[in-house]
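Peer 1: Here you go, one structure.
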Amino acid sequence: MENLIGLLVAAPLLGAAVLLCGGRRLDRVDHWIGTLLAAVSFALGAVLFADLLGKDAGARTLTSHLFSWVPVGGFRADVAFRLDQLSMTFVLLITGVGTLIHLYSVGYMEHDERRRRFFGYLNLFLAAMLLLVLADNYLLLYVGWEGVGLASYLLIGFWQHKPSAATAAKKAFLVNRVGDMGLSIAIMLMFTTFGTFAFGPVLTHATDAGEGKLTAIGLMLLLAACGKSAQVPLQSWLGDAMEGPTPVSALIHAATMVTAGVYLITRSGAIFNAAPDAQTAVVTVGAVTLLFGAIVGCAKDDIKKALAGSTMSQIGYMILAAGLGPVGYVFAIMHLVTHGFFKAGLFLGAGSVMHGMNDEVDMRRYGGLRTYMPVTFVTFGLGYLAIIGFPGLSGFFSKDKIIEAAFAKGGTEGWILGGAALLGAAITAYYMTRVMILTFFGEKRWQPDADGNRPHPHESPRTMTIPMVVLAVGSVFAGGLFSINDTFLKWLEPVTGHAEGNSPLSAIEVTAATMVVLVLGVALAWAQYGRGPVPVTAPRGNALVRAARRDLLQDDFNHVVLVRGGEELTRGLVRADHSVVDGIVNGTAAAVGGLSSRMRRLQNGYARSYAVSMFGGAAVLIAATLLMRAV
Amino acid sequence: MSFPLLTVTAAVPAAGAVATAAVPAARRAAAKWLALAFSLATLVLAAVQLARFDPDSGKPFQLTESHAWIKSFGVRYDLGVDGIAVVLIALTALLVPFVILAGWHDADPLEEAEPNRRWRPTQGFFALILLVEAMVVISFEATDVFLFYIFFEAMLIPVYFLVGGFGDRAGARSEEETAARRSYAAVKFLLYNLAGGLIMMAAVIGLYAVTAHQLGTGTFSLTEIVQARADGRLQFATVTERALFLGFFFAFAVKAPLWPLHTWLPGAMGEATAPVAVLITAVVDKVGTFAMLRFCLQLFPEASKWATPVIVVLSVIGILYGALLAVAQKDIKRLIAYASISHFGFIVLGIFAMTTQGQGGATLYMVNHGISTAALMLVAGFLISRRGSRLIADYGGVQKVAPVLAGTFMVGGLATLSLPGLAPFVSEFLVLVGTFSRYPAAGIVATLGIVLAALYVLVLYQRTMTGPVKDEVRGMPDLRVRELVVVGPLIALLLFLGVYPKPLTKIIDPAVGHTMSQVHRTDPKPDVPANDVEAAK
């Protein structure tokens, strides 16, 4: 059974290799090869899942040691896998949602001339993400971690002929690399502290190390998580990443990539549990980001960018929950899974809308689409209800638990975090209702595209609608299923641990408050967009709206501080390299030249000056010899 | 007497150089095939060395040969390889055939349409490459300081002619202007390295004087000196040891090159053809870092420890400085040169971190950097030969017209930025860990290098390969079979060593352990060794 774990990673990796090196002769079957291998991976995951379910709750860990990777002195990194309840959950999400996105792409990318490469990259993405969640040590996790970064770089920049896409891809990779620096340093700290960076020894002996060391490791892991999961201050790449084809956005936002940070923190729970300061940093990042993303999501007219803001915000919830420690780990992962369903569904729905609207992304140019695209409307609508936390749907169960856990943090901190989470829920209800109304309701505000073609909205082909329907089903029922008898909690508890919080508010009070803010958010959006006509060009808006449209000035900040500062620095260095560093050496050369011309003057033909110099030379030689003897 | 494998490994390319040079002018093409055949024969010999080398023998040097040479000065013809040398010889022997293949047309006579241009001696080009190979190989093998010094210096001559005599086609500039720039770069290379060499010569003589004084008979033998130090028969006064160390180190730091002695490299790599640039940075420069490990550390362990803080700081500066300057370059080849300066910073840092991971990583880094720079630089050379320009701004949208070229360029770039899964990641991480466990601050600052590396590689890729297709790029042919034969194996090797570096680390590790024991350093212990607890259960 253990051997299947390696195959699970190998299947999509093989797909990537075949598709990327296979050449044109694969051009007719490429999309099916990619989808098939993703499905194989999912099937293997299902078999392993069944196997784990057959074991006792305490014995649900499979390990598989393939080979020794980097053995140098005391430094030992192995290629070894660990499959437990936590990684199993991720495996099913990644391969399940991943396969659906592959299937959807069969329709969505049908006419793209570089389709073979697209499916190769998608497979690479799955393989890297699977490696990330299945690795048994932090260095192998790092390989998957950067592999995900590479795959996202390739996919975001898939339409490379567009300069904006190439720039967005580069930005995503660079910002992620800053996070990777954190992971590198964390691994180095683990090595110097524990002499190893394998999960087993590090996590079981975490408490033996001093709190200072653990806090440092925790903060570095948080930096890494911020990069991959697009948390403040490393959030700026996520919005631009919408340059990639829409299935890519679904993949990045739902099943892979952005969830990696939540995985890292949850997996390293033993370290964070013993480092309260690091936990405080985690919850702060989570709370700030959940509001940041939500505010940005309100201001975007581009449907994909509005959804991107929403992802940032929802991942903020998960990071917040993970920062709460054992009270929150299970709910962070539960929200991650339910979010995987509804966010993938929302993105695929958005792609379906764009597909029918000549690739238009501006929601102010949509309107009234519900009758033209009934399947898209219904599936998107269910995803919408799930994300705002409509009672009974998936998001309701998972988000509610996080808000409750945030209050349970206790004291002023608990009130602040709980309040932020509640406020976030209100804003979520507002911006998602806005997306819904602008796209599917109201009058038609369709505009011809740049070539003058008027849009003829139509429902998308089966390969696209089937995945949307499956995801919608998940969006409706997953949360409820997980919550019956606390199934999900019992499943995950052996790995992450669980503690009941001590909330100042009862569960009912929290739910009631959540419902109130939900209604407020929806009502506000309806009042603004549902009652009257929506202008096709956006009104100027107040200062906050304008700032939110510019992603709360994140890029302006980065530009002034990093880009311009960096440019000045490199330009200065280039000048210095030429004038100072090279100059000193050239100066020395000139001095030697000067010296030699003076030396030439010594060759004057007078015997007496030769005699003097011979005497001088001999004196130096004798002195040197004597000195040498003395040594 | 057993078969002198080490001598033969160096003699074959030397003989090849003579044979290639002797090919008559009319049979130009034959010279190329001859050179290729000799380089492949050398590769076979290097493989035999690897096969016969026993990493766990416990002996510091193997396959040794020892003959008296200049008796009156105690100079011996002593050869021997340790795990570090044998791996670097293999790298050299591996890269040279690719260099020859990649440079197949670099020394062809110019077309008849341009009669007033100079004739380029094809035979000379390939003979010089083989000559460089022979000298590099024997430098890795020499265990006699004087013997090493001779070839360390003599190597400058063929490299000087390769840089000064053969450049890229002129492109936009006039032939006279490129020739002038080329000879400036070549002279600069020569002067820098000669200066280093002269100072080293003083130190070599000084070393002889000290041994002659203390042991009765002067010697240049590394093993003998190390042995005498261990017995206590030979003791350096602190000042003498430091002075001699500095003399050696200066020469190696010029060759490596270490900041701030690096300024010759961008010129030489920029003006030389891409294969020659690879020869310089991937092969010749490695002699410098290799010699730090073999000679500086083993001859002068106390002085090495004394100088370590300064060298660590210089290395870290070099890492960031090289990377920042790479970001600002407008010329593709100069960009790669500055990237190499950054990478040499990592190598020197690893050596002087004096940990198993640092030195093992540095040795592995030498190999991996050789392969990754070769991949990136040679593809860059193919690109430049198609368009006749080295300026990044002259390209754009190449991936659309030549996807395979763009793809291989990307893999070379990803290796340069040390992406996990490719070989350089393993060595870079080892260097960082090894440094961090001894000098945490230096380790953290050096880690910034991974962000900057991503910046210069991705900016280079974006500006040349993506975006709308430029008119001058339209119709550019994709990689040809010969070019694929060059790049394919290099990429395969990068992948293989990224996933399974053990065959190399197994050979390198014992040699590093030996060097570490020479400088009397042991790895720092972890605070709470979790693994031991696990093992105890």
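Residue numbers (the numbering used here), protein chains in the order written: chain A, 85 to 715; chain B, 876 to 1412. Glycine residues also receive a C-beta, built at the ideal position from the N, C-alpha and C atoms. Note that this is a predicted model, so its numbers are computed, not measured.
Can you tell me which residues form a DSSP beta bridge with Phe1371(B)?
Peer 2: Start at 1 with the first residue of the second sequence, and residue 1371(B) comes out as number 496. The partner list for Phe1371(B) (beta bridge, DSSP) is empty, contrary to what the question assumes.
Peer 1: By the criterion of Cβ-Cβ separation under 7 Å, what are the contact partners of Gln244(A) in chain B?
Peer 2: On the first sequence, residue 244(A) is found 160 positions in, with the first residue counted as 1. The answer, in chain order, is Gln1274, Thr1341.
Peer 1: Which one of Gly563(A), Gly494(A), Phe474(A) has the shortest CA to CA distance from Glu584(A)?
Peer 2: Position 500 of the first sequence, counted from the first residue, corresponds to residue 584(A). The candidate whose alpha carbon is nearest that of Glu584(A) is Gly494(A).
Peer 1: Please classify Gly581(A): does DSSP put it in a helix, a strand, or coil?
Peer 2: Indexing the first sequence from 1 puts residue 581(A) at position 497. Gly581(A) falls in the coil class under three-state DSSP.
Peer 1: Three-state secondary structure (DSSP) at Asp1398(B)?
Peer 2: One-based indexing of the second sequence puts residue 1398(B) at position 523. Reduced to three states, the DSSP call for Asp1398(B) is coil.
Peer 1: How many angstroms separate the CA atom of Val1202(B) from the CA atom of Leu258(A)?
Peer 2: Locating residue 1202(B) in the second sequence gives position 327, counting from the first residue. Locating residue 258(A) in the first sequence gives position 174, counting from the first residue. One C-alpha to the other measures close to 13 Å.
Peer 1: For Glu1177(B), which three-state DSSP category applies?
Peer 2: Taking the second sequence and counting its residues from 1, one reaches residue 1177(B) at position 302. In this structure, Glu1177(B) counts as helix in the three-state DSSP scheme.
Peer 1: What does a CB cutoff of less than 7 Å around Val1085(B) pick up in its chain, not counting 5 residues either side in sequence?
Peer 2: Sequence index remark: in the second sequence, residue 1085(B) carries index 210 (1-based). For Val1085(B), where only same-chain residues beyond five positions count, the Cβ hits under 7 Å are Phe1111, Thr1115.
Peer 1: Could you check the C-alpha separation between Val1129(B) and Phe1036(B) for me, to the nearest Å?
Peer 2: In the second sequence, counting from the first residue as 1, residue 1129(B) sits at position 254. In the second sequence, counting from the first residue as 1, residue 1036(B) sits at position 161. Distance between the alpha carbons of Val1129(B) and Phe1036(B): 19 Å.
Peer 1: Run down chain B in chain order and give the residues with a C-beta less than 7 Å from the C-beta of Arg261(A).
Peer 2: Here residue 261(A) corresponds to residue number 177 of the first sequence, with the count starting at 1. What Arg261(A) touches in chain B: Ile1325, Val1326, Ala1329.
Peer 1: What's the C-alpha gap between Asn991(B) and Arg1056(B)?
Peer 2: On the second sequence, position 116 is the one that residue 991(B) refers to. On the second sequence, position 181 is the one that residue 1056(B) refers to. Because Asn991(B) sits at a pLDDT of 45, beneath the cut-off of 50, its placement in the model cannot be relied upon, and the point is left open.
Peer 1: Can you find at least 3 beta carbon pairs, one from the stretch 156-167 of chain A and one from the stretch 1228-1242 of chain B, that sit closer than 8 Å?
Peer 2: Yes: the two stretches touch, three or more of their Cβ pairs being nearer than 8 Å.
Peer 1: Going by DSSP, name the residue or residues bridged to Pro155(A).
Peer 2: Numbered from its first residue, the first sequence carries residue 155(A) at position 71. Answer is Arg160(A), bridged to Pro155(A).
Peer 1: Within 9 Å (strictly less), CB to CB, does Thr939(B) reach chain A?
Peer 2: On the second sequence, position 64 is the one that residue 939(B) refers to. It does not: the Cβ of Thr939(B) has no partner Cβ on chain A nearer than 9 Å.
Peer 1: Kindly indicate if chain A contains any beta-carbon less than 9 Å away from that of Leu1090(B).
Peer 2: Looking up residue 1090(B) in the second sequence gives position 215. Chain A, which has no Cβ nearer than 9 Å to the Cβ of Leu1090(B), makes this no.
Peer 1: What do you reckon, are the CB atoms on Val380(A) and Leu404(A) nearer than 9 Å?
Peer 2: Indexing the first sequence from 1 puts residue 380(A) at position 296. Indexing the first sequence from 1 puts residue 404(A) at position 320. No, Cβ-Cβ distance for Val380(A) and Leu404(A) is not below 9 Å.
Peer 1: Could you tell me which of Gly1271(B), Ala1087(B), Thr1113(B), Leu1133(B) sits nearest to Thr1341(B), measuring between CA atoms?
Peer 2: Indexing the second sequence from 1 puts residue 1341(B) at position 466. Closest by alpha carbon: Gly1271(B).
Peer 1: When the Cα atoms are used, what is the spatial distance from Gly473(A) to Ser333(A)?
Peer 2: Taking the first sequence and counting its residues from 1, one reaches residue 473(A) at position 389. Taking the first sequence and counting its residues from 1, one reaches residue 333(A) at position 249. Those two C-alpha atoms are separated by around 22 Å.
Peer 1: With respect to the beta strand (DSSP E) encompassing His423(A), which residues constitute its N-terminal and C-terminal limits?
Peer 2: Indexing the first sequence from 1 puts residue 423(A) at position 339. No beta strand (DSSP E) holds His423(A); the alpha helix (DSSP H) holding it covers 413-440.
Peer 1: Roughly how many whole angstroms lie between the Cα atoms of Val1158(B) and Val1308(B)?
Peer 2: Stepping through the second sequence from its first residue, residue 1158(B) is reached at position 283. Stepping through the second sequence from its first residue, residue 1308(B) is reached at position 433. Computed Cα separation, rounded: 25 Å.
Peer 1: Looking at the structure shown, is Ala534(A) part of a helix, part of a strand, or coil, going by DSSP?
Peer 2: Your numbering for residue 534(A) matches position 450 in the first sequence. Ala534(A) falls in the coil class under three-state DSSP.
Peer 1: What are the start and end residues of the beta strand (DSSP E) that includes Ile472(A)?
Peer 2: For the purposes of this step, residue 472(A) is taken as the residue at position 388 of the first sequence. Looking at the DSSP string, Ile472(A) is not in any beta strand (DSSP E); the run it does join, the alpha helix (DSSP H), is 458-472.
Peer 1: Whose C-beta lies closer than 6 Å to the C-beta of Trp243(A) among residues of the same chain, with five residues either side of it excluded?
Peer 2: For the purposes of this step, residue 243(A) is taken as the residue at position 159 of the first sequence. Result list for Trp243(A): Ala249, in chain order.
Peer 1: Counting pairs of beta carbons, one from the stretch 185-197 of chain A and one from the stretch 130-139 of chain A, are three or more of them closer than 8 Å?
Peer 2: In short, these stretches do not touch, since the Cβ pair count stays below three.
Peer 1: Does the CB of Pro1352(B) have a neighbour CB from chain A at under 9 Å?
Peer 2: The count along the second sequence starts at 1 and reaches residue 1352(B) at position 477. Judged by the 9 Å Cβ criterion, Pro1352(B) is not in contact with chain A.
Peer 1: Just checking my contact of Asp953(B) with Ser941(B) at CB under 8 Å: how many whole Å lie between their CB atoms?
Peer 2: Counted from its first residue, the second sequence places residue 953(B) at position 78. Counted from its first residue, the second sequence places residue 941(B) at position 66. Asp953(B) to Ser941(B), Cβ: 5 Å. Contact.
Peer 1: Are there 16 or more other CB atoms within 10 angstroms of the CB of Ile568(A), so buried, or fewer, so exposed?
Peer 2: As a working mapping, residue 568(A) is identified with position 484 in the first sequence. Counting Cβ neighbours within 10 Å, Ile568(A) comes out exposed, since fewer than 16 surround it.
Peer 1: Could you work out which residues of chain A lie near Gln1393(B), taking near to mean beta carbons separated by less than 9 Å?
Peer 2: As a first step, residue 1393(B) must be located in the second sequence, where it is residue number 518. Going along chain A, no residue has its Cβ under 9 Å from Gln1393(B), so there is no contact; the nearest lies around 16 Å.
Peer 1: For Val715(A), which residues in the same chain have their Cβ closer than 6 Å to its Cβ, ignoring the five residues on either side in sequence?
Peer 2: Along the first sequence, one-based indexing puts residue 715(A) at 631. Note that Val715(A) has pLDDT 47, beneath the 50 cutoff, so the model's placement of it is unreliable and the number below is only indicative. No residues qualify anywhere along the chain.
Peer 1: So what does DSSP say about Asn586(A), is it helix, strand or coil?
Peer 2: Within the first sequence, residue 586(A) is the residue found at index 502, counting from 1. In the structure shown, Asn586(A) sits in coil (DSSP, three-state: anything other than H, G, I, E or B).
Peer 1: Among Ile1211(B), Gly1142(B), Met1229(B), which one has its Cα closest to the Cα of Lys1180(B)?
Peer 2: By 1-based counting over the second sequence, the position of residue 1180(B) is 305. The residue with the shortest Cα to Cα distance from Lys1180(B) is Met1229(B).
Peer 1: Out of Gly891(B), Ile1226(B), Leu1006(B), which has the shortest C-alpha to C-alpha gap to Met1030(B)?
Peer 2: As a first step, residue 1030(B) is located in the second sequence; it is residue number 155 there, counting from the start. The shortest C-alpha separation from Met1030(B) is found at Leu1006(B).
Peer 1: Can you tell me the Cα-Cα spacing of His149(A) and Phe878(B), whole angstroms?
Peer 2: Position 65 of the first sequence holds residue 149(A). Position 3 of the second sequence holds residue 878(B). Rounded to whole angstroms, His149(A) to Phe878(B) spans 43 Å at the Cα level.
Peer 1: Taking 9 Å as the CB-CB limit, is Met265(A) close to chain B?
Peer 2: Against the first sequence, residue 265(A) aligns to sequence position 181. True, the Cβ-Cβ gap to chain B drops below 9 Å.
Peer 1: Under 9 Å between C-beta atoms, does Pro623(A) make it to chain B?
Peer 2: Counting from one through the first sequence, the residue named residue 623(A) turns up at place 539. With 9 Å as the cut-off, Pro623(A) does not count as an interface residue toward chain B.
Peer 1: What separation, rounded to the nearest whole angstrom, lies between the Cα atoms of Met1144(B) and Phe1041(B)?
Peer 2: In the second sequence, the residue the question calls residue 1144(B) occupies position 269. In the second sequence, the residue the question calls residue 1041(B) occupies position 166. Going by the C-alpha atoms only, they are around 12 Å apart.
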